[in-house]
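Novice: Have a look at this one before I ask anything.
In this note's numbering, the protein residues as written are 3 to 148.
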């Protein structure tokens with residue numbers, strides 16, 4: 003999570019919502035993909051940290067199935083990212099701060115645990131949540147202060 007927080011800080015410095023994400027091989031701990039929000043920089047509504055990290059990990063493994071991987075992200079995934087987590091068959095999901103407005107892994111929805119889907123992953127939330135929430139709070143305070 004500390005690595006993901008560093009990526010989130012980079013995003014914030016670029017004027018992006020400060021969310022960072024890594025995907026690593028659960029057994030070895032080797033980071034396979036990482037990303038931070040790039041929606042503004044890339045003019046891409048899909049350029050969420052999770053999507054970028056999942057793409058990089060799949061490329062590194064030459065496989066879209068990430069069953070043996072853990073995704074760590076500083077903010078609870080939205081419905082788009084939760085869907086990508088399910089479709090990538092990620093083995094573990096860890097997140098920092100909850101997102102009461104858009105969170106799809108416990109706050110608004112429980113998409114990653116929906117028994118109707120072909121894959122499920124139970125999220126572990128709240129890891130370094132105060133640090134993650136502070137980055138977001140400071141970013142939006144600065145943004146609204148302008």
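Glycine residues also receive a C-beta, built at the ideal position from the N, C-alpha and C atoms.
Computed from a predicted model, the values in this text were never measured in an experiment.
Leaving aside the five residues before and after residue 83 along the sequence, list all residues of the same chain whose C-beta is less than 6 Å from its C-beta, in chain order.
Specialist: Along the chain shown, one-based indexing puts residue 83 at 81. Within the same chain, residue 83 has close Cβ partners 50, 52.
Novice: Taking its Cβ as the centre, do 16 or more other Cβ atoms sit within 10 Å of residue 59, making it buried, or is it exposed?
Specialist: Residue 59 sits at position 57 when you count from the first residue of the chain shown. Buried.
Novice: Can you tell which of 45, 39, 143 has its C-alpha closest to the C-alpha of residue 75?
Specialist: Locating residue 75 in the chain shown gives position 73, counting from the first residue. Looking at the Cα atoms, 39 is the closest of the given residues.
Novice: If you measure between the beta carbons of residue 70 and residue 28, is that distance less than 7 Å?
Specialist: Reading the chain shown from its first residue, position 68 is the one you call residue 70. Reading the chain shown from its first residue, position 26 is the one you call residue 28. Closer than 7 Å, so yes.
Novice: Measure from the alpha carbon of residue 16 to the alpha carbon of each residue in 42, 32, 6, then state which is nearest.
Specialist: One-based indexing of the chain shown puts residue 16 at position 14. That would be 42, whose Cα lies nearest to the Cα of residue 16.
Novice: Label residue 65 either buried or exposed according to how many other C-beta atoms from any shown protein chain fall within 10 Å of its C-beta, with 16 as the threshold for buried.
Specialist: Sequence index remark: in the chain shown, residue 65 carries index 63 (1-based). With fewer than 16 Cβ atoms within 10 Å of its Cβ, residue 65 is classed as exposed.
Novice: Between the beta-carbon of residue 55 and the beta-carbon of residue 24, is there less than 7 Å?
Specialist: Within the chain shown, numbered from 1, the residue matching residue 55 stands at position 53. Within the chain shown, numbered from 1, the residue matching residue 24 stands at position 22. In this structure, residue 24 lies closer than 7 Å to residue 55 by Cβ.
Novice: Which of the three DSSP states is assigned to residue 114 in this structure?
Specialist: The sequence position of residue 114 within the chain shown is 112, counting from 1. The answer is helix: DSSP assigns residue 114 an H, G or I state.
Novice: Can you name, in chain order, every residue of its own chain whose Cβ lies under 7 Å from the Cβ of residue 85, other than the five neighbours on each side?
Specialist: As a working mapping, residue 85 is identified with position 83 in the chain shown. Cβ neighbours of residue 85 beyond the five flanking positions: 113.
Novice: If you follow the beta strand (DSSP E) that residue 96 is part of, which residue opens it and which one closes it?
Specialist: In the chain shown, the residue the question calls residue 96 occupies position 94. That run of the beta strand (DSSP E) goes 94 to 99.
Novice: Going by C-alpha distance, which of 78, 26, 30, 44 is nearest residue 138?
Specialist: As a position in the chain shown, residue 138 is number 136, starting the count at 1. For residue 138, the nearest C-alpha among the options comes from 78.
Novice: Here's a check: name, in chain order, each residue in its chain whose Cβ is nearer than 7 Å to the Cβ of residue 47, leaving out the five neighbours to either side.
Specialist: Translated into the one-based positions of the chain shown, residue 47 becomes position 45. 41.
Novice: Which whole-angstrom value is the C-beta distance of residue 119 and residue 88, which I expect to be below 8 Å?
Specialist: Residue mapping note: residue 119 aligns to position 117 of the chain shown, counting from 1. Residue mapping note: residue 88 aligns to position 86 of the chain shown, counting from 1. Between residue 88 and residue 119 the Cβ distance is about 5 Å, and since that is below 8 Å, they are a contact.
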